[in-house]
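Chemist: Those letters in the sequence shown? Residues 20 to 231, per this note's numbering, in order. Just so you know, even glycine gets a beta-carbon here, dropped at the ideal spot from N, CA and C.
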Amino acid sequence: MHLFISIALCFIPLIVIILIASLLIKELSKKSVFAGILAGFGAIIPISIAQYFLEPLNSFLGNSLTSVFITALLFNGLIEEAIKMLFIFFIPGKNKRKSTFFAVALIAGCTFGCFEAVVYLIAGSTNISTRLFTAVLLHTFCAGLSGIYIWTLKNTKAMLSPFLLAVVLHGIYNFFAGFTNDFWWFSVITIVFAIMQCRIYYTKIDESTIQN
Numbered sequence: 020m021h022l023f024i025s026i027a028l029c030f031i032p033l034i035v036i037i038l039i040a041s042l043l044i045k046e047l048s049k050k051s052v053f054a055g056i057l058a059g060f061g062a063i064i065p066i067s068i069a070q071y072f073l074e075p076l077n078s079f080l081g082n083s084l085t086s087v088f089i090t091a092l093l094f095n096g097l098i099e100e101a102i103k104m105l106f107i108f109f110i111p112g113k114n115k116r117k118s119t120f121f122a123v124a125l126i127a128g129c130t131f132g133c134f135e136a137v138v139y140l141i142a143g144s145t146n147i148s149t150r151l152f153t154a155v156l157l158h159t160f161c162a163g164l165s166g167i168y169i170w171t172l173k174n175t176k177a178m179l180s181p182f183l184l185a186v187v188l189h190g191i192y193n194f195f196a197g198f199t200n201d202f203w204w205f206s207v208i209t210i211v212f213a214i215m216q217c218r219i220y221y222t223k224i225d226e227s228t229i230q231n
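Below is the structure:
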């Protein structure tokens with residue numbers, strides 16, 4: 020019973036973000052919310068498979084700080100964000116308001132983060148509460164950056180930089196999240212920076228230039 024309660028708690032961030040998005044964005048339909056959840060859930064298995072088959076590269080890269088950073092960029096940054104981005108890409112976004120699509124992208128990222136937290140919980144991770152307040156937020160707002168890229172790709176002039184930034188920020192987060200000393204706080208700073216960049220890129224989009 021305790022395990023089921025813990026699993027349920029892992030999805031509190033997802034419930035919260037859906038409620039907030041639904042209150043702020045009247046155009047956000049249940050269908051769009053479901054599409055976001057499906058995209059986030061669908062990315063889990065492909066990412067796991069890709070990381071499993073590329074795992075031998077870890078031993079090749081070595082254990083130096085530089086190698087660990089490169090591994091974080093490739094395994095966590097590039098693989099996870101690229102596959103999440105592909106699943107978000109299949110969510111209909113043509114002529115959809117940027118606020119709606121951005122919210123759906125956030126929901127997709129949060130869904131992935133919550134399910135990942137469940138996996139860590141079942142695997143016996145002892146820092147699950149920390150993951151709920153860091154990794155889930157990281158996945159959420161990195162997906163938001165990718166969502167901005169996809170929306171501009173489908174509707175205006177494509178802005179690739181938000182997606183590339185999501186890859187780099189994810190890698191930086193994982194690199195510093197592995198520390199047990201004060202350097203760990205840089206992972207939190209990375210999340211705050213990701214949130215700020217979502218805001219900056221979101222406000223840069225001019226919906227009046229939508230290409231019909």
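Kindly indicate the opening and closing residues of the alpha helix (DSSP H) around R218.
Modeler: As a working mapping, residue 218 is identified with position 199 in the sequence shown. Unbroken alpha helix (DSSP H) run through R218: 204–223.
Chemist: Using 8 Å as the threshold, is the stretch 103–111 in touch with the stretch 32–46, meaning 3 or more CB pairs across them?
Modeler: The stretch 103–111 is not in contact with the stretch 32–46.
Chemist: Given a cut-off of 8 Å, decide if L179 and C217 are closer than it, judged by their beta-carbon atoms.
Modeler: In the sequence shown, counting from the first residue as 1, residue 217 sits at position 198. In the sequence shown, counting from the first residue as 1, residue 179 sits at position 160. Result no, Cβ atoms of C217 and L179 do not sit closer than 8 Å.
Chemist: Go ahead and label S51 buried or exposed: buried means 16 or more other beta carbons lie within 10 angstroms of its beta carbon, across all protein chains shown.
Modeler: As a working note, residue 51 is residue 32 in the sequence shown. Result: buried.
Chemist: With a cut-off of 8 Å on the beta carbons, I'd call E99 and I64 a contact; round off their distance for me.
Modeler: Residue mapping note: residue 99 aligns to position 80 of the sequence shown, counting from 1. Residue mapping note: residue 64 aligns to position 45 of the sequence shown, counting from 1. That pair is no contact at about 13 Å.
Chemist: Check whether the Cβ atoms of G59 and I126 sit closer than 8 Å, and answer yes or no.
Modeler: Here residue 59 is taken as the residue at index 40 of the sequence shown, counted from 1. Here residue 126 is taken as the residue at index 107 of the sequence shown, counted from 1. The answer is yes: Cβ separation under 8 Å.
Chemist: Going by DSSP, what residue range makes up the alpha helix (DSSP H) through E135?
Modeler: As a first step, residue 135 is located in the sequence shown; it is residue number 116 there, counting from the start. Here the alpha helix (DSSP H) through E135 covers 117–141.
Chemist: Is the beta carbon of N114 less than 8 Å from the beta carbon of N193?
Modeler: Here the question's residue 114 lines up with position 95 in the sequence shown. Here the question's residue 193 lines up with position 174 in the sequence shown. In this structure, N193 does not lie closer than 8 Å to N114 by Cβ.
Chemist: Go through its chain and collect everything with a Cβ distance to A40's Cβ below 6 Å, but skip five positions before and after it.
Modeler: Residue numbering aside, residue 40 sits at position 21 when the sequence shown is read from its first letter. The residues are L47, A122.
Chemist: Output needed for K173: all residues of its chain with C-beta closer than 8 Å, excluding positions within five of it in sequence on either side, in chain order.
Modeler: For the purposes of this step, residue 173 is taken as residue 154 along the sequence shown, with counting starting at 1. G112, K113, listed in sequence order.
Chemist: Please tell me whether K117 and W170 are closer than 8 Å, where the distance is taken between their beta carbons.
Modeler: Along the sequence shown, read from residue 1 onward, the residue named residue 117 stands at position 98. Along the sequence shown, read from residue 1 onward, the residue named residue 170 stands at position 151. Yes; because the gap between Cβ atoms is below 8 Å, this pair is in contact.
Chemist: Give me the Cα-Cα distance between A69 and G61, rounded to the nearest whole angstrom.
Modeler: Counting from one through the sequence shown, the residue named residue 69 turns up at place 50. Counting from one through the sequence shown, the residue named residue 61 turns up at place 42. Cα to Cα, the separation comes out at about 14 Å.
Chemist: For chain D, check one thing: does any of its Cβ atoms lie closer than 8 Å to the Cβ of A213?
Modeler: This model lacks chain D altogether; it includes just one protein chain.
Chemist: Quick one: grab the DSSP three-state call for I110.
Modeler: What you label residue 110 is simply residue 91 of the sequence shown in a count that begins at 1. Coil.
Chemist: Is H158 near F131, with beta carbons less than 8 Å apart?
Modeler: Position 139 of the sequence shown, counted from the start, is the residue given in the question as residue 158. Position 112 of the sequence shown, counted from the start, is the residue given in the question as residue 131. Yes, they are a contact pair.
Chemist: Which value, in whole angstroms, describes the spacing of the CA atoms of F212 and F23?
Modeler: Numbered from its first residue, the sequence shown carries residue 212 at position 193. Numbered from its first residue, the sequence shown carries residue 23 at position 4. F212 and F23: Cα-Cα distance of roughly 34 Å.
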